[in-house]
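This note's numbering numbers the first residue of the sequence shown as 2 and each following residue consecutively.
Some notes on the structure that comes next.
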Amino acid sequence: MTLKIAIIGQSPFGESVAKRIQEIQNTEILCIIPPFNNKEDPLYKFSNEQKIRTLQFKKLRSKEAIEAFNNINIDILIMAYVVDIVPMEIINNPRLGTIQYHPSLLPKHRGPSSINWSIINGDKETGITIFWPDTGLDTGDILIQKKIIIKENDSTGSLYFNSLYPMGVDAIVESINLIINGDPPKIPQIEKYATYEGWCEEQEIKWKNTSKDIYNLIRGCDPQPGAWTLYKGEKIYLYDTKLVSNNIQKENGTILFINEKEVSVSIGNKKLIIGRIKSKGKKKINAYDWMINNNIKPSSKLGE
2 MTLKIAIIGQ SPFGESVAKR IQEIQNTEIL CIIPPFNNKE DPLYKFSNEQ KIRTLQFKKL
62 RSKEAIEAFN NINIDILIMA YVVDIVPMEI INNPRLGTIQ YHPSLLPKHR GPSSINWSII
122 NGDKETGITI FWPDTGLDTG DILIQKKIII KENDSTGSLY FNSLYPMGVD AIVESINLII
182 NGDPPKIPQI EKYATYEGWC EEQEIKWKNT SKDIYNLIRG CDPQPGAWTL YKGEKIYLYD
242 TKLVSNNIQK ENGTILFINE KEVSVSIGNK KLIIGRIKSK GKKKINAYDW MINNNIKPSS
302 KLGE
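Here you go:
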């Protein structure tokens with residue numbers, strides 16, 4: 002028997018999931034639901050290239066979307082990077098259920114910016130969860146969980162693209178195989194361990210904080226939404242940072258070195274090496290070039 006699968010998703014992650022599902026024997030991708038009105042999305046392009054039925058809706062909770070799902074005979078629905086609200090009429094539609102990817106160890110870090118907050122909060126480990134969505138936000142029973150250590154120099158970008166992205170694709174494939182084999186786990190989440198954080202908006206760097214907290218904030222906002230500070234009243238964003246030992250004790254935010262090998266700022270008993278800087282409304286550029294372009298000298302201070 003051929004397992005009929007639908008995918009709601011977007012971005013390279015959604016495309017990667019679709020490609021891997023095509024490799025599973027006795028499965029067929031019946032339809033793909035990429036973001037509305039975005040013909041540049043990788044998942045949309047993939048569905049067109051593969052001539053897979055493509056459906057797009059302004060809102061997945063619309064009457065149009067629900068009726069469309071009622072007319073599709075699917076076995077499994079995969080939610081691969083979904084930011085819209087999916088109603089229970091759709092979630093409950095597939096014969097064998099709906100599964101969803103979430104880049105945290107649920108029930109910790111429920112919500113839309115789980116990768117950012119895991120780094121900002123200084124977590125030592127994170128991971129991915131494949132779960133059975135229900136009426137709550139990221140509250141359904143767990144099918145699979147995979148853990149990973151957060152490295153000292155991980156940013157949100159490196160953690161996602163190097164670890165949580167490929168791990169998530171593999172876990173979705175593993176989940177489908179468990180469903181095919183007929184006995185997929187359904188492990189209830191333990192509510193007393195649950196945390197929820199909303200969208201991570203751009204964050205101001207508080208130079209009075211500890212070096213660890215400052216560094217976690219910057220790398221947790223890299224590449225998006227960005228951690229900012231002021232220089233002479235101008236908002237600037239810091240990227241590609243590293244925290245290293247430092248023998249020079251100066252006030253937090255004081256620029257220590259400006260040269261082609263290193264642009265660094267004092268924080269506590271350490272120094273923050275800055276790779277790139279972005280002025281508000283402009284592109285990221287090499288930190289040394291930004292300093293030279295703005296005629297900034299060592300001992301100048303950020304945050305003012």
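Backbone N, C-alpha and C fix where the C-beta goes; we use that ideal spot for every residue, glycine too.
- Arginine 277 places its beta carbon 8 Å or farther from that of valine 170.
- Taking C-alpha positions only, asparagine 295 is separated from glycine 227 by approximately 20 Å.
- It is roughly 11 Å from the alpha-carbon of isoleucine 151 to the alpha-carbon of isoleucine 121.
- Linking lysine 284 to tryptophan 291 through their CA atoms gives a straight-line distance of about 11 Å.
- Secondary structure at isoleucine 249: coil, using DSSP grouped into helix, strand and coil.
- As summarised for the stretch 105-169, the continuous alpha helix (DSSP H) elements at least 4 residues long and confined to that stretch are 115-121 and 157-160, given in chain order.
- Straight-line spacing of the CA atoms in glutamate 205 and lysine 279 works out to 14 Å.
- Note on asparagine 178: under 16 other CB atoms within 10 angstroms of its CB, so exposed under the neighbour-count rule.
- In this structure, the beta-carbon distance from isoleucine 180 to isoleucine 67 does not fall below 8 Å.
- Nearest to methionine 2 by C-alpha distance, out of Leu244, Thr28, Gln225 and Arg96, is Thr28.
- Secondary structure at glutamine 204: strand, using DSSP grouped into helix, strand and coil.
- Taking 4 residues as the minimum length, the alpha helix (DSSP H) runs contained wholly in the stretch 35-69 are 43-50, in order along the chain.
- Residue environment: tryptophan 200 is assigned as exposed (fewer than 16 neighbouring CB atoms within 10 Å of its CB, all protein chains considered).
- Taken through DSSP and simplified to helix, strand or coil, tyrosine 82 comes out as coil.
- Setting aside the 5 residues that flank it on each side, tryptophan 229 is surrounded in the same chain by Glu203, Gln204, Glu205, Ile206, Lys236, Ile237, Tyr238, Leu239 and Lys281, each with a C-beta closer than 8 Å to its C-beta; the list follows chain order.
- Restricting attention to Gly269, Ile129 and Ser159, the CA atom closest to the CA of asparagine 248 is found in Gly269.
- The beta carbon of lysine 148 is closer than 7 Å to those of Leu106, Glu126 and Gly128 in its chain, skipping five residues each way along the sequence.
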